[in-house]
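In UniProt numbering, the protein residues as written are 1 to 225.
Okay, structure first, notes after.
Below, the structure is given as structure tokens:
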């Protein structure tokens, strides 16, 4: 968490306990914005709980279906590792969150548009790798809410806890009557990922504005000296 805060180790004062951090986190609109963006991602990622069911639409028997579930997640693991390492090396977050989500949208579109076996299986790979963006999003939250430490800790917990409402809503996205195509389900996931990307973009623009203001203020202070 210290690295995510810019590599600086800081500590709460006696007046800045956990309750103080809770108050600051609840009052900060950025916390709720990030919580809603993460919730949208969680709804879009709800396919993971029904992955064997979606794989079964390829038409194979149960044993082969379960075996076919593994490769997409092995691929997602590799993509997530590479994406996270690159995000850490470059210090960039928005594109490392949005690109995997956009690729996931492509997977949803393919799955929605065709019942072709090869096409739908490729779509499962594209859908699974969208977790790479989900993972980086947490580090972005920590980067964006660095101080005080008590606020950062509470904010991360609050964002994560609030986003679990997406799992509640996501459980209603894949009813049996929408199978075997699940076009409506994929449509909902597309909308949620699109919403998450839009919210991340708006948040990025806000951070750019804050950084520009900070640079301007710093230059003004230096000029006064």
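Using N, Cα and C, we set each Cβ at its ideal position, and we do this for glycine too.
Bear in mind the structure is a predicted one, so any value in this text is a computation, not a measurement.
Compute the Euclidean distance between the alpha carbons of residue i and residue j, then round it to the nearest angstrom.
| i | j | result |
| --- | --- | --- |
| residue 93 | residue 158 | 20 Å |
| residue 56 | residue 165 | 27 Å |
| residue 136 | residue 86 | 10 Å |
| residue 72 | residue 224 | 58 Å |
| residue 117 | residue 134 | 27 Å |
| residue 88 | residue 182 | 36 Å |
| residue 215 | residue 194 | 32 Å |
| residue 23 | residue 29 | 12 Å |
| residue 150 | residue 90 | 27 Å |
| residue 211 | residue 201 | 15 Å |
| residue 105 | residue 123 | 9 Å |
| residue 298 | residue 140 | An answer regarding residue 298 cannot be provided, because it is not within the stretch 1 to 225 covered by the chain. |
| residue 60 | residue 96 | 35 Å |
| residue 53 | residue 180 | 9 Å |
| residue 178 | residue 153 | 40 Å |
| residue 229 | residue 112 | Because the chain in this structure spans residues 1 to 225, residue 229 falls outside the shown range and cannot be described. |
| residue 132 | residue 125 | 12 Å |
| residue 46 | residue 160 | 15 Å |
| residue 62 | residue 209 | 53 Å |
| residue 115 | residue 130 | 21 Å |
Does DSSP put residue i in a helix, a strand or coil?
| i | result |
| --- | --- |
| residue 127 | helix |
| residue 95 | helix |
| residue 29 | helix |
| residue 34 | helix |
| residue 170 | helix |
| residue 69 | coil |
| residue 199 | helix |
| residue 175 | coil |
| residue 107 | helix |
| residue 182 | coil |
| residue 147 | coil |
| residue 121 | helix |
| residue 209 | helix |
| residue 41 | helix |
| residue 116 | coil |
| residue 187 | helix |
| residue 48 | helix |
If we count the other Cβ atoms within 10 Å of its Cβ and call it buried at 16 or more, is residue i buried or exposed?
| i | result |
| --- | --- |
| residue 19 | exposed |
| residue 120 | buried |
| residue 155 | buried |
Look at residue i and residue j and say whether their C-beta atoms are less than 8 Å apart.
| i | j | result |
| --- | --- | --- |
| residue 128 | residue 76 | yes |
| residue 185 | residue 173 | yes |
| residue 39 | residue 138 | no |
| residue 170 | residue 43 | yes |
| residue 109 | residue 188 | no |
| residue 21 | residue 148 | yes |
| residue 41 | residue 196 | yes |
Specify whether the region 143 to 161 and the region 34 to 44 touch according to this definition: at least 3 beta carbon pairs, one from each stretch, less than 8 Å apart. yes
Whether or not the region 101 to 111 and the region 65 to 72 are in contact is what I'm after, with contact meaning three or more pairs of Cβ atoms, one per stretch, closer than 8 Å; do they touch?
no
- Answer yes if the region 74 to 82 comes into contact with the region 200 to 212, meaning at least three C-beta pairs across the two stretches below 8 Å, and no otherwise. no
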